[in-house]
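Heads up, the thing below is written out as structure tokens.
There are 2 protein chains.
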Amino acid sequence: MDKLTGDDIVRMFVAIATILVAARIFGEIARRLAQPVVLGEIFAGILLGPTVLGSIAPELHQFLFPSKGAVALSQDAFKTLAIALFLLVAGMEVELSVMWKQGRTALSVGLMGIALPFALGFGAARLAPDLLGATSSVSPETFALFFATALSISALPVIAKTLMDLHLYKSDFGMTVIAAAVFNDLVGWLIFAVILGQIEYAHGPTHHMPIGVTLAVTAGFAALMLTAVRWLIHRTLPWILAHASFPTGVIGFALALALAGAAFTEFIGIHAIFGAFLVGVALGDSAHLRERTRTTITEFVSSIFAPLFFGSIGLSVNFITNFDPVLCGFVLAIACLGKIVGCGFGARWTKLSWRESWAIGFGMNARGAMEIILGTLALQYGIIREPMFVALVFMALATSMMSGPMMQRLLRTKRATRIERFIHSRTFVPRLRAIDRKSAIDELCQSLAATSRLDYARISTAVWEREQATPTGIGNGLAVPHARIDGLTQPFIAVGLSEAGVDFGATDGKAAHIVFVILTPASDHSTQLELLADIGRTFVQAAARERALKLRSFTELLAFLRTEPTAA
Amino acid sequence: MDKLTGDDIVRMFVAIATILVAARIFGEIARRLAQPVVLGEIFAGILLGPTVLGSIAPELHQFLFPSKGAVALSQDAFKTLAIALFLLVAGMEVELSVMWKQGRTALSVGLMGIALPFALGFGAARLAPDLLGATSSVSPETFALFFATALSISALPVIAKTLMDLHLYKSDFGMTVIAAAVFNDLVGWLIFAVILGQIEYAHGPTHHMPIGVTLAVTAGFAALMLTAVRWLIHRTLPWILAHASFPTGVIGFALALALAGAAFTEFIGIHAIFGAFLVGVALGDSAHLRERTRTTITEFVSSIFAPLFFGSIGLSVNFITNFDPVLCGFVLAIACLGKIVGCGFGARWTKLSWRESWAIGFGMNARGAMEIILGTLALQYGIIREPMFVALVFMALATSMMSGPMMQRLLRTKRATRIERFIHSRTFVPRLRAIDRKSAIDELCQSLAATSRLDYARISTAVWEREQATPTGIGNGLAVPHARIDGLTQPFIAVGLSEAGVDFGATDGKAAHIVFVILTPASDHSTQLELLADIGRTFVQAAARERALKLRSFTELLAFLRTEPTAA
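From first to last, the protein sequence lines are chains A and B. If you read the first sequence in the working numbering, its first letter stands for residue 1, the second for the next number, and so on. If you read the second sequence in the working numbering, its first letter stands for residue 1001, the second for the next number, and so on.
What follows is the structure, given as structure tokens:
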């Protein structure tokens, strides 16, 4: 029996743990810098790969990430499983019904968003193949087809995530972008599938399907998955829920189906991810898939398999020696031009305002994960060389980075105002000494004055005056004394907990155990309301209020605010 | 680069999907027969392995589960990851604090539950090594040590699951058994770790630690994990919750830690699972690990990795050719004798009743998963031969099967009475025609009479008389007309949904949209109350009642009742 030795197991586990930890750390750093998490995950892989670790500690790099042997094979197996599962989850996020609802606009944006980048990419690859570093291992047409496709595909998961972050996901605007991206993705992957099929056909002796057959089987499989199989899944799920243990039965069914789909598309000569994605679409579309099951699969896969895959991208390529600034600039320029103009005009054509049209263009421009998966496969199949791979990754990251801020600017939206952004460790008082509302307000205002340039007398007077006008006890043990202060440029918040409770005149007669002092700029009318609404939402559950009273440190408070599920 | 070919990927995915589906199906069949799920999962592997599939279709078996090459290595890698993650989850279920609370009894049961089976096993292995099929590849002492340990370890996950199924988990009795099992497991695994260390030392040139050092490092590592590392994790979790994305940050942290722990114990010469288990104990003990995170990890791992591992057990051994009835009977007999008598006397010694003491003995006797993992490792390391492996698996399954029923009989408990057990497809009326309570009761009683030997006039009169005494509208759109009928041997339930609503005189004035007619035996006082309580629990949430009104088929109703989280 071929088995892993103890040494192999140590290396395999240490390598996975290292990728996971590094990807998470740099993912978090990216998030802090208001960038997509995937950016940080890929950067972590670049650090662990030949670019950095491989050049400063080649032996450690070879020990953890060998290119040959049982450990290399097991890592490739995990990576392959990771992409398949990630695409399953990406497919589950697709809402097919939305595509029909936003019909015309989505179709127009989707089509133009493919047509223009595709034309530009194909033209550039035929006119300047040397600039783009075309390889001789595939025909110039195949290379041009691939390059055109790589510029045309959007990154549905990144787009969906960005829209959610901006609270635009459930809006008409958001649904249009998502519908267009779904359409875009399906067509783009189909084209790519055909290219891969063509290459497999030219190279491998394993599959002997002519291109027409591959195309027909692929289209037939996709159509079947989105109609009959989708219907069958919808019918089968209640049966599984009724007769198998929950949620074990459904999760096992979902994964087995995804792997079977992946194996099938791999078998017909296109890549495994395609089948997993289509299974995801068909599964995610069923109303019988319980929210809890969806969450379990999505959370586990995006916590473990997504970082594992994206963290592995940088492990094989040296991003410094293969960095070609001219190539990167050129690819980025035509990618942005094609996508933003194409989608923008597609949207404008259906009578949307210019401003919204450009916002859609920038939204669709995000390439993120998908382009990188495409590039990884193209590199593996010898369609492109390392410098082009680096340029594609660079383009994917750059377009994803500009997507959110540009949409935000064009639509004049802003991120939700949450209290956690304005609470600091020194304005959290875990045990209030005060026994009445005047002294509670004073105590919290003191903590604010001690950690900022605010004048203690001025703010405490303002809050107390407002408090005397109407008591700010809002019931359920909460009080929110507040004031708008001239000359502030941002909100200031102090939080105090009182075990004994302080009477803030709440209509339910209960003493306040959690007291927020909220100061907002006098000129800003909405922020105060948003902060009060956020407090209301966070503490709406009695269980949440009970947990809040047990908080003993600032870190615990922050952990509480960040993980308490609010009715967002 | 060593990479999987397209062909490898197809085989790998098809194999995983096959194991998953087969393990799930036979797991469900086992559950239907009121047996532990793990039994069915192992049986599925036996069917797919050399025992059945390998002898009827050797080529298909070699295609899916080859013993050599990249596919065999990748399957071994998945299997290794699966055991590690399963042990992480098993560790997370351990409640350390319980061990101290149930202190004396748990210690007495735990110690006696190790001492007697250990002594019996060691004695038997020294006196009759040939009967037990001792191998010459290890010393007789090592073989005896292993056999003694294999008889001494309980299966914490199986025990916990059985107690939960019987609603005994949170009772004093349940906690005592769990505490004893935890103690038992920790000591048992430590002994096994030492044995493995000894063998690695004797065989491999990789690790040169003398046994004393292995023991010291193992004990030190365990102590460190359960004290300092446990404290550190408890301190670190709020920080991760506060500063990393949720739940991605925590899940990534948990898995990375588990793999690091696994790698460390593998490195010091004992098996990877030991480190993953200790990380699980340390992690699970922290109150900062959110329930939702715990659920996500547990559900995913037990849906995917547990069936994958247990379904793989049968893949390498032929259970028919290696089945030795004398050996199986002998191993089972001394295993049961040692454990039941040891634990029983241990419990009785601390003044528990004989009945409870024997119940504890049978509870602790369940070997399930743990013994099988132990056996797998022993086989891999050459400590035992196939017939002994088969005997250990047989013993593990047999002891697990008798555990639940024997505890139930000794403690005179019964499984919770849930409505789903008494609803049948033809007593579910998705659209009630009735507009008043009399006709609603009649309509549902008709469906009951039509599908059983019940007399329509008799039951409808009884229910209507009871209804006239006090209306059975219990508010929130629910009504529960019911009666106790002479001569019934089991409850009968009919369910009707009414979109318009039927007035059942509820105190909240709301019409009933969901109507249950409940008939119970006249002699049985408690069942009626239990069924009414179950209905109350199931529909306590407004969202659940809304979903219930949309049910259109019996399968959907059953799916609803089985997956709706009740406040159990």
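Backbone N, C-alpha and C fix where the C-beta goes; we use that ideal spot for every residue, glycine too.
Per DSSP, the bridge partner or partners of residue i
{"i": "A/LEU497", "result": "A/ILE514"}
{"i": "B/VAL1429", "result": "B/GLY1496"}
{"i": "B/THR1520", "result": "B/ARG1484"}
{"i": "B/LEU1478", "result": "B/GLY1475 and B/ILE1514"}
{"i": "B/VAL1052", "result": "Paired residue(s): none; B/VAL1052 is not in a bridge."}
{"i": "B/VAL1138", "result": "Its beta-bridge partners do not exist; DSSP assigns none."}
{"i": "B/VAL1229", "result": "DSSP output for B/VAL1229 lists no bridge partner at all."}
{"i": "A/VAL502", "result": "A/ALA512"}
Distance between residue j and residue i (C-alpha atoms, nearest Å)
{"i": "A/ALA115", "j": "A/ALA369", "result": "21 Å"}
{"i": "A/PHE221", "j": "A/PRO247", "result": "28 Å"}
{"i": "A/HIS288", "j": "A/HIS234", "result": "7 Å"}
{"i": "B/PRO1036", "j": "B/GLY1027", "result": "8 Å"}
{"i": "B/GLY1261", "j": "B/LEU1392", "result": "28 Å"}
{"i": "A/ALA512", "j": "A/GLN446", "result": "19 Å"}
{"i": "A/LEU224", "j": "A/LEU377", "result": "25 Å"}
{"i": "B/LEU1531", "j": "B/ALA1450", "result": "22 Å"}
{"i": "B/LEU1561", "j": "B/GLY1338", "result": "42 Å"}
{"i": "A/ALA72", "j": "B/VAL1071", "result": "13 Å"}
{"i": "A/THR538", "j": "A/LEU557", "result": "12 Å"}
{"i": "A/THR566", "j": "A/ARG292", "result": "In this predicted model, A/THR566 has a pLDDT of only 47, less than 50, meaning its place in the structure is not dependable; the value taken from the coordinates is given anyway. C-alpha separation (whole angstroms): 16 Å."}
{"i": "A/ALA544", "j": "A/GLU41", "result": "33 Å"}
{"i": "A/THR489", "j": "A/PRO521", "result": "6 Å"}
Proximity winner among the options, relative to residue i (alpha-carbon distances)
{"i": "B/GLY1280", "options": "B/ALA1434, B/ARG1294 and B/ILE1270", "result": "B/ARG1294"}
{"i": "B/ASN1184", "options": "B/ASN1365, B/GLY1049 and B/ILE1313", "result": "B/ASN1365"}
{"i": "A/SER136", "options": "A/LEU196, A/LYS79 and A/GLY382", "result": "A/GLY382"}
{"i": "A/ALA573", "options": "B/LEU1478, B/LEU1081 and B/LEU1352", "result": "In the structure as shown, chain A begins at 1 and stops at 568. Residue 573 of chain A is therefore absent and cannot be evaluated."}
{"i": "A/VAL390", "options": "A/MET92, A/ASN322, A/ALA548 and A/THR5", "result": "A/ASN322"}
{"i": "A/ARG367", "options": "A/VAL250, A/THR5 and A/LEU39", "result": "A/LEU39"}
{"i": "B/ASP1534", "options": "B/ALA1077, B/SER1523, B/ARG1418 and B/PHE1063", "result": "B/ARG1418"}
{"i": "B/THR1461", "options": "B/GLY1477, B/LYS1438, B/THR1162 and B/THR1142", "result": "B/LYS1438"}
{"i": "B/ASN1318", "options": "B/ILE1297, B/MET1012, B/ALA1015 and B/ILE1046", "result": "B/ILE1046"}
{"i": "A/MET320", "options": "A/THR218, A/ALA254 and A/PRO387", "result": "Contrary to the premise, residue 320 of chain A reads as Ile rather than Met in this sequence. It is A/PRO387."}
{"i": "B/GLU1371", "options": "B/PHE1122, B/THR1399, B/ASP1324 and B/ILE1360", "result": "B/THR1399"}
{"i": "B/ARG1230", "options": "B/GLY1249, B/LEU1444 and B/ALA1258", "result": "B/ALA1258"}
{"i": "B/LEU1096", "options": "B/LEU1053, B/GLU1299 and B/LEU1278", "result": "B/LEU1278"}
{"i": "A/TRP569", "options": "A/LEU410, A/LEU315, A/GLY487 and A/THR296", "result": "No information on residue 569 of chain A is available, as it lies outside the stretch 1 to 568 that chain A covers here."}
{"i": "B/SER1171", "options": "B/VAL1194, B/GLN1102 and B/LEU1131", "result": "B/GLN1102"}
{"i": "A/ILE25", "options": "B/PHE1274, B/ASP1007, B/PHE1309 and B/SER1245", "result": "B/SER1245"}
{"i": "A/GLY255", "options": "A/LEU88, A/ARG126 and A/HIS271", "result": "The amino acid at residue 255 of chain A is misidentified as Gly; the sequence shows Leu. Closest by alpha carbon: A/LEU88."}
{"i": "B/GLN1408", "options": "B/PHE1118, B/SER1286, B/THR1218 and B/GLY1174", "result": "B/GLY1174"}
Cβ pair residue i, residue j closer than 7 Å
{"i": "B/GLY1252", "j": "A/SER303", "result": "yes"}
{"i": "B/LEU1529", "j": "B/ILE1485", "result": "no"}
{"i": "A/TRP358", "j": "A/GLY346", "result": "no"}
{"i": "B/ALA1440", "j": "B/VAL1341", "result": "no"}
{"i": "B/THR1176", "j": "B/THR1105", "result": "yes"}
{"i": "A/ALA84", "j": "A/ALA276", "result": "yes"}
{"i": "B/SER1425", "j": "B/PHE1362", "result": "no"}
{"i": "A/ALA494", "j": "A/LEU448", "result": "yes"}
{"i": "B/VAL1463", "j": "B/PRO1491", "result": "no"}
{"i": "B/ALA1306", "j": "B/PHE1086", "result": "yes"}
{"i": "B/MET1164", "j": "B/GLY1284", "result": "no"}
{"i": "A/THR555", "j": "B/PRO1238", "result": "yes"}
Near the ligand ZN: residue i beta-carbon under 6 Å from a heavy atom
{"i": "A/LEU88", "result": "With respect to small molecules bound, the structure shown includes none, and the ligand ZN cannot be examined in it."}
* Asked: Should the segment 169-181 of chain A be regarded as contacting the segment 93-112 of chain A, the criterion being three or more beta carbon pairs within less than 8 Å?
  -> The segment 169-181 of chain A is in contact with the segment 93-112 of chain A.
* Between the segment 146-157 of chain A and the segment 67-79 of chain A, are three or more C-beta pairs nearer than 8 Å? -> no
* To do: Examine the Cβ distances between the segment 1315-1331 of chain B and the segment 1261-1270 of chain B and report whether three or more of them are shorter than 8 Å.
  => no
* To do: Mind the definition here: the segment 1465-1484 of chain B touches the segment 1509-1527 of chain B only if three or more C-beta pairs lie below 8 Å; say whether that holds.
  => yes
* Are the segment 1425-1445 of chain B and the segment 1494-1505 of chain B touching, with three or more C-beta to C-beta distances below 8 Å? -> yes
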